[in-house]
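**Student:**
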Ligand code: SIN
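Numbering (our numbering), first residue to last: 275 to 597.
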């Protein structure tokens with residue numbers, strides 16, 4: 275009997291990018307299909323596993339849209355529910371991979387592994403990192419104990435809640451901050467240092483289907499607290515006539531990327547209080563790369579401990595969806 279199926283879902287990114295020549299540093303992301311990427315890795319899976327691939331999207335992940343996240347949620351949920359599937363690998367651009375990882379972990383809370391992988395150099399580069407990252411991701415997905423959503427890059431396995439892109443061009447662009455990576459992959463073998471990510475199973479299959487098919491998700495915007503801030507941007511975001519003129523949905527939530535432990539400039543805080551009084555949910559995060567917003571009883575706005583602004587935004591969207 276076989277050991278199970280590994281399903282590889284392609285979404286684009288630099289891992290699927292191509293340039294004019296191996297030495298050309300200019301390239302276009304999301305050009306090669308996932309089947310093509312896998313064709314370059316014959317014998318990538320240990321004996322007994324079957325490989326299946328599917329192209330879910332073909333985008334530069336800076337242009338991530340709710341519709342792509344929904345398609346990915348649907349395909350992951352579909353494949354993970356098949357008894358013969360051991361795990362899912364997702365090829366993804368690095369730019370928003372941490373958002374997708376957080377979303378998949380929060381919504382699906384999968385017991386089976388969902389392994390995102392990516393590359394900092396295009397597929398045509400003289401020393402492309404994508405093939406090794408994909409090989410490592412397949413090794414993680416095949417591991418009998420692997421569970422939850424992780425991101426594999428430059429030999430490291432990062433948990434969905436901790437992972438963050440910290441460098442704009444280094445091959446090991448991702449960090450799990452002070453939590454540290456779950457482990458590493460070396461020549462197909464895993465060294466594990468921490469537990470696999472787990473999340474409370476918050477959504478049942480019916481709720482997941484609803485999230486993955488509804489025409490729109492609640493609109494949540496991020497604002498930054500900085501020196502000499504003012505409240506005009508928040509006031510404009512909340513003004514219903516501004517949203518109506520631009521054809522955008524009304525803002526339902528605001529995440530403020532605060533200074534230090536999530537503190538907010540007094541002018542911006544005044545505007546956020548006005549927004550909150552008008553029914554907009556406000557969540558505080560920290561703009562610091564490490565650490566996070568702390569919760570204090572006297573705070574006007576709830577904190578999103580442990581979450582970066584982009585992840586806090588998704589957390590608030592999901593809270594609004596669950597309301
Ligand atoms: C992308 O995020 O799709 C492009 C950049 C990258 O993958 O590094």
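Built from N, CA and C at the ideal position, the CB exists for glycine as well. In this text, all values refer to a predicted model and were calculated from it rather than measured experimentally.
Taking only three categories from DSSP, how would you classify residue 538?
**Tutor:** If you number the chain shown from 1, residue 538 lands on position 264. Three-state DSSP puts residue 538 in coil, outside helix and strand.
**Student:** Run the proximity test for residue 367: is its beta-carbon closer than 6 Å to any non-hydrogen atom belonging to the ligand SIN?
**Tutor:** In the chain shown, counting from the first residue as 1, residue 367 sits at position 93. Flag set: Cβ of residue 367 near the ligand SIN.
**Student:** Under 7 Å, do residue 413 and residue 364 count as touching if we go by C-beta distance?
**Tutor:** In the chain shown, the residue the question calls residue 413 occupies position 139. In the chain shown, the residue the question calls residue 364 occupies position 90. No; because the gap between Cβ atoms is not below 7 Å, this pair is not in contact.
**Student:** Leaving aside the five residues before and after residue 542 along the sequence, list all residues of the same chain whose C-beta is less than 8 Å from its C-beta, in chain order.
**Tutor:** The residue you call residue 542 lines up with position 268 of the chain shown. Here the set comprises 497, 499, 503, 504, 505, 508, 530.
**Student:** May I ask you to check if the CB of residue 307 is nearer than 6 Å to at least one heavy atom of the ligand SIN?
**Tutor:** As a working mapping, residue 307 is identified with position 33 in the chain shown. No, the Cβ of residue 307 stays beyond 6 Å of every heavy atom of the ligand SIN.
**Student:** Does any heavy atom of the ligand SIN sit closer than 6 Å to the C-beta of residue 298?
**Tutor:** Locating residue 298 in the chain shown gives position 24, counting from the first residue. Residue 298 Cβ: outside cutoff for every heavy atom of the ligand SIN.
**Student:** Just the C-alpha distance for residue 361 and residue 321, rounded to the nearest angstrom, thanks.
**Tutor:** Against the chain shown, residue 361 aligns to sequence position 87. Against the chain shown, residue 321 aligns to sequence position 47. Approximately 15 Å between the Cα atoms of the pair.
**Student:** Starting from the Cα of residue 336, find the closest Cα among 439, 486, 478, 469 and give me that residue.
**Tutor:** As a first step, residue 336 must be located in the chain shown, where it is residue number 62. Here the closest residue by C-alpha is 439.
**Student:** Thinking C-beta only, is residue 423 closer than 7 Å to residue 375?
**Tutor:** Within the chain shown, the letter at position 101 stands for residue 375. Within the chain shown, the letter at position 149 stands for residue 423. Contact: yes.
**Student:** Which residues does DSSP list as the beta-bridge partners of residue 477?
**Tutor:** As a first step, residue 477 is located in the chain shown; it is residue number 203 there, counting from the start. Per DSSP, none; premise fails for residue 477.
**Student:** Within 10 angstroms of its Cβ, does residue 591 collect 16 or more other Cβ (buried), or is it exposed?
**Tutor:** One-based indexing of the chain shown puts residue 591 at position 317. Its Cβ being crowded by 16 or more others within 10 Å, residue 591 is buried.
**Student:** Is it the case that the Cβ atoms of residue 328 and residue 278 are separated by a distance below 7 Å?
**Tutor:** As a working note, residue 328 is residue 54 in the chain shown. As a working note, residue 278 is residue 4 in the chain shown. No, the Cβ-Cβ distance between residue 328 and residue 278 is not below 7 Å.
**Student:** Would DSSP call residue 543 helix, strand or coil?
**Tutor:** Counting from 1 along the chain shown, the entry for residue 543 is found at position 269. Three-state DSSP puts residue 543 in a helix.
**Student:** What first and last residue would you give for the beta strand (DSSP E) that runs through residue 287?
**Tutor:** To locate residue 287, count along the chain shown from 1; it is residue 13. Unbroken run through residue 287: none, as it is neither H nor E.
**Student:** Classify residue 407 as buried or exposed, calling it buried when 16 or more other Cβ atoms lie within 10 Å of its own Cβ.
**Tutor:** Working through the chain shown from its first residue, we reach residue 407 at position 133. Flag for residue 407 reads buried.
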